[in-house]
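*Asks:* The structure that follows is given in the form of structure tokens.
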């Protein structure tokens, strides 16, 4: 991918791009020609303070546009927009990394680069995270939407020059209340992890249909062990659940990963690192599989890779797998991946349907 500077000769192309795509999370979701022409005339797309670039993919298709402004200040801002038809292909994070390289490559040596978005714009928030930006502020009722005539929360993400040059991500440690605590650095977490046959990646809202079908296909098996599977899944509730999972991944509260076959792209199941305690750090690995993929060793392969990732990349000191004593398949995965049975908590929990008292097995690995 590359950035190509926009020129005044491309005025009509810019107008066409902005008026034929939709921008639901911007102040003006459907900008009109007159307003764009006026902005161009006033230097809103090209001046000493502003530069505009087309975002082009490897085939040189225009997939987006970015406006970088306040260029005379030490802290520039930007407005990145990806065209409707190119959303969901990973162009956003790649474009943002190019923007970052441009800004910190300027001779004036900018201090930082920052951007703002609506709190519910999960796609843009994911773009920030994947490009190494850090959430630095949450502003309540700070984003006005004329279309809904309503205010939304806004969030701010930033990248410092020091982090850019070092290739690191330094989370903000909030120490303005009570006794300051020693900062615990949360490692940068990739959105994708590969195994020999599988791709484990961060959830996307577009996964909803695959997840929903897998849950319906596997309902009888999942219902025995999963509280959330007591009722047949509905598509709309699956979508809402994915939105929450994405938000939790971004904030590092919970790290769900969806499992896909590399060869075919089919959805296999779900896994992740849960019950996170970053101060140690320790995690609990959870998993479920679409029944049609049972018997191929996919979950064993997944847990082995996730275990290695947690120890080597996240600095984990302890990993757990917890399951019902009668859940033979889940226990077998723990055993095959080298987890040690620490103990069985007797009468520790209810069965998934809430009707029976069950024992809980705790398997672990420590470093």
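Numbering (the UniProt record's numbering), first residue to last: 1 to 367. Ideal Cβ placement from N, Cα and C applies to all residues, glycine included.
Expressed to the nearest angstrom, what Euclidean distance is found between the alpha-carbon atoms of residue 116 and residue 57?
*Replies:* As a working note, residue 116 is residue 116 in the chain shown. As a working note, residue 57 is residue 57 in the chain shown. Looking at the two C-alpha atoms, the distance is approximately 24 Å.
*Asks:* According to DSSP, is residue 167 part of a helix, a strand, or is it coil?
*Replies:* Numbered from 1 along the chain shown, position 167 holds the residue referred to as residue 167. Of the three classes helix, strand and coil, the one that applies to residue 167 here is coil, per DSSP.
*Asks:* Let me see if you follow: with CB-CB separation under 8 Å, is residue 197 close to chain C or not?
*Replies:* The structure shown contains no chain C, having only a single protein chain.
*Asks:* What does residue 199 pair with, by DSSP beta-bridge criteria?
*Replies:* Counting from one through the chain shown, the residue named residue 199 turns up at place 199. Its beta-bridge partners are 194 and 260.
*Asks:* Please report the straight-line C-alpha distance between residue 341 and residue 288, rounded to a whole angstrom.
*Replies:* As a first step, residue 341 must be located in the chain shown, where it is residue number 341. As a first step, residue 288 must be located in the chain shown, where it is residue number 288. The C-alpha of residue 288 is placed about 20 Å away from the C-alpha of residue 341.
*Asks:* Helix, strand or coil: how does DSSP classify residue 373 here?
*Replies:* This structure cannot speak to residue 373, because the chain is shown only from 1 to 367.
*Asks:* Is DSSP giving residue 103 helix, strand or coil here?
*Replies:* Residue mapping note: residue 103 aligns to position 103 of the chain shown, counting from 1. DSSP places residue 103 in helix when its eight states are reduced to three.
*Asks:* With a floor of 3 residues, list each beta strand (DSSP E) that falls wholly inside the region 294–333, ordered by position along the chain.
*Replies:* 318–324
*Asks:* Less than 8 Å between the CB atoms is what I'm expecting for residue 270 and residue 252, so what's the real figure, rounded?
*Replies:* Position 270 of the chain shown, counted from the first residue, corresponds to residue 270. Position 252 of the chain shown, counted from the first residue, corresponds to residue 252. The pair is not a contact, with the Cβ atoms about 18 Å apart (cut-off 8 Å).
*Asks:* Which first and last residues belong to the beta strand (DSSP E) in which residue 233 is found?
*Replies:* The count along the chain shown starts at 1 and reaches residue 233 at position 233. Looking at the DSSP string, residue 233 is not in any beta strand (DSSP E), and its letter there is neither H nor E.
*Asks:* Let me check understanding here. Comparing Cα to Cα, which of 171, 152 and 216 lies closest to residue 455?
*Replies:* Here the chain comprises residues numbered 1 to 367, so residue 455 is not present and cannot be evaluated.
*Asks:* Per DSSP, what are the beta-bridge partners of residue 160 in this structure?
*Replies:* Here the question's residue 160 lines up with position 160 in the chain shown. Looking at the DSSP assignment, residue 160 forms a beta bridge with 112.
*Asks:* In the structure shown, what three-state DSSP assignment does residue 11 receive?
*Replies:* Here the question's residue 11 lines up with position 11 in the chain shown. Helix at residue 11.
*Asks:* My output table needs one value for residue 291: the three-state DSSP class, helix, strand or coil.
*Replies:* As a position in the chain shown, residue 291 is number 291, starting the count at 1. Three-state DSSP puts residue 291 in a helix.
*Asks:* Should residue 368 and residue 267 be called a contact, given that it needs their Cβ atoms to be closer than 8 Å?
*Replies:* The chain is shown only over 1 to 367; residue 368 falls outside these bounds and no answer can be derived.
*Asks:* Determine contact between the region 4–22 and the region 83–91, defined as no fewer than three beta-carbon pairs at a distance below 8 Å.
*Replies:* Contact between the region 4–22 and the region 83–91 is present, with at least three C-beta pairs closer than 8 Å.
*Asks:* Using a Cβ distance threshold of 8 Å, determine whether the region 66–78 contacts the region 88–105, with at least three qualifying pairs required.
*Replies:* yes
*Asks:* How far does the beta strand (DSSP E) with residue 66 in it reach, from first residue to last?
*Replies:* Here residue 66 corresponds to residue number 66 of the chain shown, with the count starting at 1. Its beta strand (DSSP E) spans residues 62–69.
*Asks:* Counting only the same chain and skipping the five closest in sequence on each side, list residues whose C-beta sits under 8 Å from that of residue 192.
*Replies:* In the chain shown, counting from the first residue as 1, residue 192 sits at position 192. Within the same chain, residue 192 has close Cβ partners 199, 200, 201 and 202.
*Asks:* With respect to the alpha helix (DSSP H) encompassing residue 212, which residues constitute its N-terminal and C-terminal limits?
*Replies:* For the purposes of this step, residue 212 is taken as the residue at position 212 of the chain shown. Taken as a continuous stretch (DSSP letters only), the alpha helix (DSSP H) holding residue 212 covers 208–217.
*Asks:* Return the chain-ordered list of same chain residues with a C-beta closer than 8 Å to the C-beta of residue 196, the five sequence neighbours on each side being excluded.
*Replies:* For this step, residue 196 is matched to residue 196 along the chain shown. Contacts found: 301.
*Asks:* Please report how far the alpha carbon of residue 310 lies from the alpha carbon of residue 27, in whole angstroms.
*Replies:* Numbered from 1 along the chain shown, position 310 holds the residue referred to as residue 310. Numbered from 1 along the chain shown, position 27 holds the residue referred to as residue 27. One C-alpha to the other measures close to 40 Å.
*Asks:* So, with DSSP's three-state summary, where would you put residue 5?
*Replies:* Your numbering for residue 5 matches position 5 in the chain shown. If DSSP states are grouped into helix, strand and coil, residue 5 belongs with the strands.
*Asks:* What is the rounded straight-line gap between the Cα of residue 124 and the Cα of residue 92?
*Replies:* Position 124 of the chain shown, counting from 1, holds the residue named residue 124. Position 92 of the chain shown, counting from 1, holds the residue named residue 92. Using only the alpha carbons, I get a separation of about 8 Å.
*Asks:* What's the C-alpha gap between residue 63 and residue 241?
*Replies:* Numbered from 1 along the chain shown, position 63 holds the residue referred to as residue 63. Numbered from 1 along the chain shown, position 241 holds the residue referred to as residue 241. Taking C-alpha positions only, residue 63 is separated from residue 241 by approximately 29 Å.
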